[in-house]
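Quick note: the sequence shown uses numbering that gives the first Met the number 0, first residue 0, plus one each step.
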Amino acid sequence: MRKKRVLLLSEGFGAGHTQAAHALSDSLRMLAPDVQTRVLELGSFLHPTLAPLIFTAYRKTVTTQPKLYGLMYRTQYKKSLNRLTQLALHRIFYAQTAEIIRQLQPDTIICTHPFPSAVISRLKRIGLDVPLCTVITDYDVHGTWVSREVNKYLVSTNEVKEKLLRRGIPESSIEVTGIPVHPNFWAQHNREELRAAFCLQPLPTVLVMGGGWGLVKQENFLNHLTRWRDRIQLVVCLGSNGKALSTLSADERFRHPNIRLLGFTKEIDKWMDVSDLLITKPGGMTCTEGLTKGIPMLFYKPIPGQEEENLQYFTQHGFGEQIKSAETIDHWLQLLIERYPDVVQQRQLLTGAAAGYNPANCPQAVMNILRK
């Protein structure tokens with residue numbers, strides 16, 4: 000009897016979509032070693048030269064003209080991709096998708112980005128007979144996610160489920176599972192052991208993320224943080240943004256024993272465990288990872304659109320606060336210093352408040368689809 004096969008499709012418009020796909024892939028294989036998984040960013044896989052140019056243009060638009068991006072997001076908010084757009088996606092980027100599916104013969108296709116979901120939906124309309132599961136990777140649902148050919152939506156919250164219901168998606172096709180995170184985030188690590196392994200001091204520790212999306216350009220924000228470097232330990236994660244890492248490494252203000260600059264790392268789960276506060280943009284993936292770890296969050300500069308919706312959800316539920324001024328940062332850092340001996344207990348309380356999220360729910364829902 001051949002193993003069950005799961006094909007996970009994403010796109011490179013922001014790292015979170017593909018991170019979710021890999022997280023779900025690894026979670027599935029951990030829960031069921033007899034399941035085979037394959038993760039593909041369709042655009043990059045089929046057009047390795049053209050796709051990076053498109054993704055770079057997208058990122059530049061989002062970071063340099065966020066208001067324009069927000070206007071486009073809101074204008075199309077209630078609209079699904081029209082048939083012409085779907086056909087264009089199919090012909091320009093994914094004409095070979097049907098052949099990929101024929102070769103891989105998946106038992107289920109999972110999409111963590113609306114574009115491949117739209118392409119698979121179109122293939123299903125013309126005869127593809129494979130269950131399609133779409134994982135919405137934010138705390139909102141834009142119209143581009145919506146297609147009646149999707150057999151199952153796995154969503155972050157009841158609020159997202161209600162929005163899908165209002166768009167005419169039947170309740171039987173929606174399951175609230177939370178956004179999948181990598182299995183590394185499922186377990187807590189020993190803080191003292193991590194602190195020793197990372198050569199950190201026994202000081203309140205703040206993890207700052209978002210370098211890949213222009214954090215280094217927020218000069219006033221970063222300068223303000225460095226003023227606390229004698230009393231607060233700062234860990235600045237710049238991801239794959241090598242230029243930003245080089246820029247900050249050459250800056251005298253960041254050459255301090257209490258400041259650690261990180262490039263790309265696969266140990267963010269451990270850095271979250273050893274940190275007492277997370278400062279980040281409100282991306283769906285990072286917020287969910289922080290939620291899993293029970294770490295308090297401060298959010299800066301949300302991109303108009305889905306990040307604003309993510310921000311609203313996390314602030315309304317008490318999992319974080321928006322940075323509206325330098326006073327917000329000062330308040331939290333002073334709080335960390337004053338209450339540092341009790342920080343671990345405070346995190347345990349926050350984790351209890353977030354106990355409604357179970358990271359195993361999403362892969363388990365996929366397993367249920369495979370069993371059917």
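Glycine included, each C-beta is placed from N, C-alpha and C at the ideal position.
Of all the options the options, which has the alpha carbon lying nearest to the alpha carbon of residue i?
{"i": "Leu290", "options": "Pro301, Asp275, Ile302, Ile258", "result": "Asp275"}
{"i": "Glu251", "options": "Val34, Gly262, Arg226", "result": "Arg226"}
{"i": "Thr314", "options": "Tyr339, Ala364, Lys280, Leu41", "result": "Lys280"}
{"i": "Glu320", "options": "Gly304, Gln305, Ile294, Ile336", "result": "Ile294"}
{"i": "Gly209", "options": "Gly11, Pro301, Thr156", "result": "Pro301"}
{"i": "Phe376", "options": "Thr285, Leu7, Gly262, Glu326", "result": "With the chain covering only 0 through 371, there is no way to say anything about residue 376."}
{"i": "His141", "options": "His316, Glu308, Lys242", "result": "Glu308"}
{"i": "Ile258", "options": "Gly283, Glu266, Leu244, Glu337", "result": "Leu244"}
{"i": "Ser324", "options": "Ala195, Tyr299, His316", "result": "Tyr299"}
{"i": "Ser239", "options": "Gly262, Pro256, Arg228, Asp229", "result": "Gly262"}
{"i": "Asp268", "options": "Pro201, Phe184, Asn360, Arg228", "result": "Phe184"}
{"i": "His316", "options": "Ala195, Asp229, Cys286, Lys2", "result": "Cys286"}
{"i": "Ala14", "options": "Val235, Met284, Ala195, Leu237", "result": "Met284"}
{"i": "Arg166", "options": "Asp33, Asp139, Gln35", "result": "Asp139"}
{"i": "Glu98", "options": "Val273, Leu41, Lys2, His112", "result": "Leu41"}
{"i": "Lys242", "options": "Leu260, Asp229, Thr17", "result": "Leu260"}
Residue i lies in the alpha helix (DSSP H); which residues open and close that run?
{"i": "Gly15", "result": "14-30"}
{"i": "Leu332", "result": "325-337"}
{"i": "Cys198", "result": "It is not in any alpha helix (DSSP H) - Cys198 carries neither H nor E in the DSSP assignment."}
{"i": "Gln102", "result": "96-103"}
{"i": "Thr314", "result": "305-315"}
{"i": "Leu244", "result": "241-248"}
{"i": "Leu122", "result": "113-124"}
Determine which residues share a DSSP beta bridge with residue i and list them.
{"i": "Phe298", "result": "Thr279, Gln321"}
{"i": "Glu40", "result": "Ser9"}
{"i": "Gln35", "result": "Arg4"}
{"i": "Met366", "result": "Partner(s): none; Met366 has no beta bridge."}
{"i": "Val273", "result": "Bridge partners of Val273: none, in fact."}
{"i": "Leu233", "result": "Val205, Ile258"}
Since residue i and residue j are thought to touch, with beta carbons under 8 Å apart, how far apart are those beta carbons, to the nearest angstrom?
{"i": "Asp25", "j": "Pro182", "result": "6 Å"}
{"i": "Leu132", "j": "Lys151", "result": "Checking the displayed sequence, the identity of residue 132 turns out to be Cys instead of Leu. Confirmed, about 5 Å."}
{"i": "Leu103", "j": "Arg4", "result": "7 Å"}
{"i": "Gln232", "j": "Thr204", "result": "4 Å"}
{"i": "Ala117", "j": "Ser146", "result": "6 Å"}
{"i": "Ser172", "j": "Val154", "result": "With 8 Å as the limit, Ser172 and Val154 do not qualify as a contact, their Cβ atoms being about 11 Å apart."}
According to the Cβ coordinates, are residue i and residue j closer than 9 Å?
{"i": "Leu297", "j": "Trp331", "result": "yes"}
{"i": "Ala22", "j": "Ile109", "result": "no"}
{"i": "Leu369", "j": "Thr136", "result": "no"}
{"i": "Pro372", "j": "Pro179", "result": "Any property of residue 372 remains undetermined from this structure, which presents the chain solely from 0 to 371."}
{"i": "Ala125", "j": "Phe220", "result": "A quick correction: the sequence has Ile, not Ala, at residue 125. Contact: no."}
{"i": "Ala31", "j": "Thr176", "result": "no"}
{"i": "Val134", "j": "Thr111", "result": "yes"}
{"i": "Val38", "j": "Lys2", "result": "no"}
Does the ligand ATP have a heavy atom nearer than 8 Å to the CB of residue i?
{"i": "Thr136", "result": "What this structure holds is no ligand at all, so the ligand ATP is not there to describe."}
Tell me the residue span of the beta strand (DSSP E) that contains residue i.
{"i": "Ile258", "result": "258-261"}
{"i": "Ile173", "result": "173-175"}
{"i": "Lys151", "result": "151-154"}
{"i": "Ile108", "result": "107-110"}
{"i": "Thr133", "result": "131-134"}
{"i": "Thr204", "result": "204-208"}
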